[in-house]
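2 protein chains.
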Amino acid sequence: MGVNSNRVEDFPAGACHETTVKITAESLPPLEIHEVCLPPNKTTFQTLKHRLSEIFFPDDPLHRFKNQSPSVKLVLGLQYFFPIFQWGTNYSLRLIKSDIISGLTIASLAIPQGISYAKLANLPPIIGLYSSFVPPLIYAVLGSSRHLAVGPVSIASLVMGSMLGESVSHTEEPILYLKLAFTATFFSGLFQASLGLLRLGFIIDFLSKATLLGFMAGAAVIVSLQQLKGLFGIVHFTNKMQIIPVMSSVFYHREEWSWQTIVMGLSFLIFLLTTRHISIRKPKLFWVSAAAPLTSVILSTILVFAFKAHVHGISTIGHLQKGLNPPSANMLYVQGPYLGLAIKTGIITGILSLTEGIAVGRTFASLRNYQVDGNKEMMAIGLMNIVGSCSSCFVTSGSFSRSAVNYNAGAQTAVSNIIMAATVLVTLLFLMPLFTYTPSLVLGAIIITAVIGLIDYRAAYRLWKVDRLDFFACMCAFFGVLFISVQIGLAIAVGVSIFKILLHVTRPNTVVLGNIPGTEIYQNLRCYREALRVPSFLILGIESPIFFANSTYLQERILRWVREEEDRIQENKESTLKCIILDMTAVTAIDTSGIEAINELRKTLKKRSLQLVLANPVGDVMEKLHRSKTLQSFELNGLYLSVGEAVADISSLFKAQP
Amino acid sequence: MGVNSNRVEDFPAGACHETTVKITAESLPPLEIHEVCLPPNKTTFQTLKHRLSEIFFPDDPLHRFKNQSPSVKLVLGLQYFFPIFQWGTNYSLRLIKSDIISGLTIASLAIPQGISYAKLANLPPIIGLYSSFVPPLIYAVLGSSRHLAVGPVSIASLVMGSMLGESVSHTEEPILYLKLAFTATFFSGLFQASLGLLRLGFIIDFLSKATLLGFMAGAAVIVSLQQLKGLFGIVHFTNKMQIIPVMSSVFYHREEWSWQTIVMGLSFLIFLLTTRHISIRKPKLFWVSAAAPLTSVILSTILVFAFKAHVHGISTIGHLQKGLNPPSANMLYVQGPYLGLAIKTGIITGILSLTEGIAVGRTFASLRNYQVDGNKEMMAIGLMNIVGSCSSCFVTSGSFSRSAVNYNAGAQTAVSNIIMAATVLVTLLFLMPLFTYTPSLVLGAIIITAVIGLIDYRAAYRLWKVDRLDFFACMCAFFGVLFISVQIGLAIAVGVSIFKILLHVTRPNTVVLGNIPGTEIYQNLRCYREALRVPSFLILGIESPIFFANSTYLQERILRWVREEEDRIQENKESTLKCIILDMTAVTAIDTSGIEAINELRKTLKKRSLQLVLANPVGDVMEKLHRSKTLQSFELNGLYLSVGEAVADISSLFKAQP
């Protein structure tokens, strides 16, 4: 047999033997039986290196640098850390037009949303504007997504408000609350940047989409209900985040409901929801919903000013200070009883905002067929939050709704973020007095319209159709957030997701395989009606790695299959069972408990004069079976490259020695 | 094609189509391509029922009851809950001789060990004897192992002493401490019995053997070092369980070292270790080590009495009350500040003693080729502890060392436990005054000899050889116990084991497959030097279910494989890549994130004019792909039953349309 010139790698001779050809008593042509090979020898160091590189560098980030001159490497390195050098060099005036249009569009959305989300986090409204100015500039330099619109996001704002509000009241101790918010933002950024730097980005993968779906829907319901405070003009309202206290707050203070506020609030809510509906129906009309919030703010401000409605009990934002972000590094809370709270809040909001930012970045990248590097994005978002925390910003990330508008408005590069920041700059410097008469109710309507899209019942229905366990995880997150708390809802959902993995590993499938006539294919008898049992053989497919968590179960389950097969054979008076073949194709790993289980099983079956045969163990499993000297305990005919070869060889032996 | 009469189950027609025969342009004989089938339709309820029965009843405990008359069912039911009715009916005088010999042997071991382990748990010595009387009787009725010797066990005693001792001092508040010990025993039994009743036995599978190895070795080291207190005659000794305070206690109080105690203690320790060594070398001489502890107790008592050594500072057990177990149900601590502690201690000692008991039972059952039902054993051990807690016993289980002696001494049934209990009864009623002069040092020597066998460095070396990650988990448990605490060591070890599973799922292997010439077998190119790449194809084996935790990784990794393959092709100037085949054999499950990843991948590859083909998706995966309407988005040639058929069919298409 010719040696294959395409092989990936050389490996020491002797690890694999040549094909052996057996000529058996009755079968013609001779059976060609292929020996099962061990993977090439590797030292512990090589194995460790390979494993670590798969864990931390699965995307091989340095592949561009291979075989390049030092100067090219320098340029590539700069481009790697500052993507602006990558797209900036090709930037042309042709692109700037689209970027200006999209930048202005998202600015008109970002200004009212910024103010609203700051309110959601119990922070002064101006912090929301500050947070729409500095972070987008940082992201434009460091970020690798071309469509991400950066600024405050609803979920992270909500969670920050909820977590900090549990311990510190924003009305009684506003300065401490503000300090804690900046500190949480700092730790959130630090955590995000470290995840990226240490290439631990896969941690956010543990928030499955199903979990997030339920979590976000729950948060959206809570947030929307909380806005009833503004929409109904209620003054005394709970600080809690569960559905029961919020709803009882709404109905307990019925005497505070103000009909003027309700009428005005509902009108704007209906207006905003209608524009949202139009834009969803016709994506070309994206500007309708994009312009609506600013229009509502302007209209409502004019109305309040014209009718002097603020004296009739409609609450307004009030005076906002002109000027750019003041530095806030001196406001970071570095020691004291609340430091733990700030760190915890930072980490949780950090994970949540990162998940949203990266998911959004990836979505639009895949639409335009470019790559977003998760670990790099984490560093960009992290640095943006660290800098933000020192310049009076709270947690920011890429917002889904604004990024969608950005994309639809034709954004080409991160320049649209710069244009947005410039617009916010102009607002901060000159337009602040205009917000004095803006009513709070319009902010409530803007928040509801923004978060209502997070309740994606169609996706939940799809989960139900496709995967019941995913749906269950989703519902756990949803009801956990609604009835217990935002953090615990999240924790439950992550727990359910991990439990699902462990359950799959603890109780793996085992299936009986049969031969599809005329082929070498062995398939599940329950699925394939043409598949046939092979007399005297029981062929079992093990559909999972064999770990300590399932080794006992698998041992018992296999013995039960054998017992059931023997009962069936007795009933149908077929030829007796002689050989159990385990198809190990899907056993992608094994640990020491698993090896012990295989050994036990072999011994138990041998006592009942049944032969145990392993078919197609993968490389890693072979290596461990070899190292644990299990291979030696299997007899000559105990290991085959495929089920087909095992059946052919062993049944020819049966014929030879009846 | 004839319909197979051996099929497992009927399923609705239409789920699977007949084999299609394609006659392609150039290939002769015609290619026979088999369609991939969907598994038979199941309702949600059927799926749920199947899943739950696999989780909770994998061993199908009711299979004996099928097709039996009601009276037989009653007998079988009685035998199921009280195994004594099973073996009791066949019990003969021939067996009783062996049972008496083995029962007396383990009694001679159980009496000194009982006293010693009570000391380990900081309990009065007599509690150890009480615990060797009632529990073995209960187990003899309910237990299904024939060789388990029941009584106090070292690890559980140690953990109980360590956990309770952290909050309550056994010298200052002995009554409260005793109450808490009985309460912990009660909860331990309740927890064990509920695990069995709810068939949640698989929870103990999460303590892998590697973890337990490290944990037990660490505990053995700590326990042995603590015995230096008795062996050196030190009076002021730490209550802590970490290595550093224990060792500093030993050397800090050097002035308390008593040479008489040290000489006597070391002599007995050497004697016991020598007998242990002899019995290990020659298993037939098991009685040498079995008789040694009682011999040492008798010898040392005589020595102390003869030389009046107790007045020379050798501490003795002192006066023990004659009589049977007093009832202690009134001493259960049902409310108060320490209830949480008692429950926690109960659960942890419960898990540990259960793990030991079941592992020991299974070991000897497999040597004699009978089955031990895990869930039934849990109920037996649990009830034994509940009853024990009401009759002045602390946590008991099956002890490894005594069971081994029992087995070697020829025990045939649980009658040996009854004989042992009878011997303890005689001791309790008549022989208690004899222990008055027994020195504490001999108990220390007995404990060291008993636990030293738990330090199994050979097994640890085997772990190192076979599986480095298992070795790492083992070391984490070992050093965690030594340097932090018993509970945290255990928690770390369980954490490492679960992390190992998650790591395998998060970063699964992907391998490039090649064809082994002359066969339909496709194997890893790195392992099989005879395997050949198929031109224009990239065949990837995915070695894991596709879950939310790895869907992003797999997507990126597959794109990297494609990139690397394209680079390689360019370098070698081979024919261009046209088709990516994913071998899904080992993808035993998929969730909604996984499905999305497959869809994204298909779209991304399509943009690069590459075709994505799935080969051999298993039933569950097919079902989900179908339900999520992903199958429809794959074109006509997107799904095959095996890699071989995919390559054959698609390459014939390539030839037809070049």
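First to last, the protein sequences are chains A and B. Note that the UniProt record's numbering gives residue 517 to position 517 of the first sequence, counting from 1, and the numbers run on in steps of one. Note that the UniProt record's numbering gives residue 439 to position 439 of the second sequence, counting from 1, and the numbers run on in steps of one. Even for Gly, the Cβ is constructed at its ideal location relative to N, Cα and C.
Taking the alpha helix (DSSP H) that Tyr-461 (chain A) falls in, what are its first and last residues? 457-466
Residues near Tyr-407 (chain B) in its chain [Cβ-Cβ closer than 7 Å; skip 5 each side]: His-147, Phe-364
Quick one: what does DSSP say Gly-318 (chain A) is sitting in, helix, strand or coil? coil
Of the choices A:Pro-617, A:Ser-389, A:Ile-234, whose alpha-carbon is the least far from that of residue 665 (chain A)? Because chain A spans 1 through 658 in this model, residue 665 (chain A) falls outside it and cannot be assessed.
Output the distance between the C-alpha atoms of Ser-27 (chain A) and Leu-95 (chain B), rounded to the nearest integer angstrom. The predicted model places Ser-27 (chain A) with a pLDDT of 41, which falls under 50 and marks its position as unreliable; any figure quoted below should be read in that light. If I take the Cα positions, the gap works out to 53 Å.
Taking Cβ positions only, does Asp-59 (chain A) come closer than 8 Å to chain B? yes
For Ala-359 (chain B) and Ser-353 (chain A), I'd like the C-alpha separation in whole angstroms. 46 Å
Counting only Cβ pairs nearer than 7 Å, list the residues of chain A close to Tyr-637 (chain B). What sits at residue 637 (chain B) in the sequence shown is Asn, not Tyr. The premise fails here: Asn-637 (chain B) is roughly 18 Å from chain A at the closest Cβ pair, so nothing lies under 7 Å.
Does Tyr-130 (chain A) come within less than 8 Å of chain B when only Cβ atoms are used? no
Counting C-beta neighbours from all protein chains within 10 Å, is the total for Lys-97 (chain B) 16 or more, i.e. buried, or is it exposed? exposed
Listed by chain order, chain A residues near Lys-607 (chain B) by CB distance under 7 Å: Asn-369
Under the three-state reduction of DSSP, which class applies to Ile-521 (chain B): helix, strand or coil? coil
At a Cβ threshold of 8 Å, is Thr-585 (chain A) touching chain C? This model lacks chain C altogether, as its protein chains are A and B.
Going along the stretch 624-651 of chain B in order, which residues come within less than 7 Å of chain A, judged by CB to CB distance? Lys-624, Arg-627, Ser-628, Leu-641, Ser-642
Tell me whether Ala-121 (chain A) sits in a helix, a strand or coil according to DSSP, three-state version. coil
Pick from B:Asn-509, B:Ile-595, B:Tyr-553, B:Gly-357: whose alpha carbon is nearest that of Leu-200 (chain A)? B:Tyr-553
Could you tell me whether the Cβ atoms of Asp-591 (chain A) and Asp-467 (chain B) are closer together than 8 Å? yes
Roughly how many angstroms separate the alpha carbons of Ala-493 (chain A) and Val-481 (chain A), rounded to a whole number? 10 Å
Would the C-beta of Ala-217 (chain A) count as close to the ligand ADP, meaning under 7 Å from any of its heavy atoms? Within the structure as shown, the ligand ADP is missing, as the structure has no ligands at all.
Proximal chain B residues relative to Asn-509 (chain A), where beta-carbon distance stays under 9 Å: Glu-54, Thr-588, Ala-589, Val-618, Gly-619, Asp-620
Contained alpha helix (DSSP H) runs [length at least 4] in the stretch 312-385 of chain B, N- to C-terminal order: 339-368
Asp-467 (chain A) touches chain B at which residues, Cβ-Cβ below 7 Å? Asp-591, Thr-592, Lys-624
What are the uninterrupted segments assigned as alpha helix (DSSP H) that are 4 or more residues long and contained completely in the stretch 124-162 of chain A, given in chain order? 125-130, 134-142
Among A:Leu-273, A:Met-241, A:Phe-232, A:Phe-268, whose alpha-carbon lies nearest the alpha-carbon of Glu-255 (chain A)? A:Phe-232
Should Gly-313 (chain A) be labelled buried (16 or more other beta-carbon atoms within 10 Å of its own) or exposed? exposed
Spatial neighbours of Asp-470 (chain B) within its chain, please: C-beta separation below 6 Å, excluding the five flanking residues on both sides. Ala-210, Leu-463
If you run the structure through DSSP and keep just helix, strand and coil, what is Val-587 (chain A)? coil
Along the chain, where does the beta strand (DSSP E) that runs through Leu-540 (chain B) open and close? 537-542
List, in order along the chain, the chain A residues whose C-beta lies closer than 8 Å to that of Glu-571 (chain B)? The contacting residues do not exist; Glu-571 (chain B) stays about 11 Å from chain A at best.
Is it true that the stretch 68-79 of chain B meets the stretch 562-578 of chain A, where meeting means three or more beta-carbon pairs spaced less than 8 Å apart? no
Determine the DSSP secondary structure at Gly-398 (chain A), reduced to helix, strand or coil. strand
Where Ile-595 (chain A) meets chain B, residues with beta-carbon distance less than 8 Å: Val-466
Against chain A, which members of the stretch 486-516 of chain B pass a CB distance test of less than 9 Å? Ser-497, Ile-498, Lys-500, Ile-501, Leu-502, Leu-503, His-504, Val-505, Thr-506, Arg-507, Pro-508, Asn-509, Val-511, Val-512, Gly-514, Ile-516
Residues that Ile-521 (chain A) contacts on chain B, provided the C-beta gap is smaller than 9 Å: His-34, Glu-520, Asn-616, Leu-641, Ser-642, Gly-644, Glu-645
Mind listing the chain B neighbours of Pro-545 (chain A)? Cutoff is C-beta to C-beta under 7 Å, in chain order. His-504
Going by the DSSP bridge assignment, what does Gly-165 (chain A) pair with across the sheet? For Gly-165 (chain A), which the question treats as bridged, DSSP gives no partner whatsoever.
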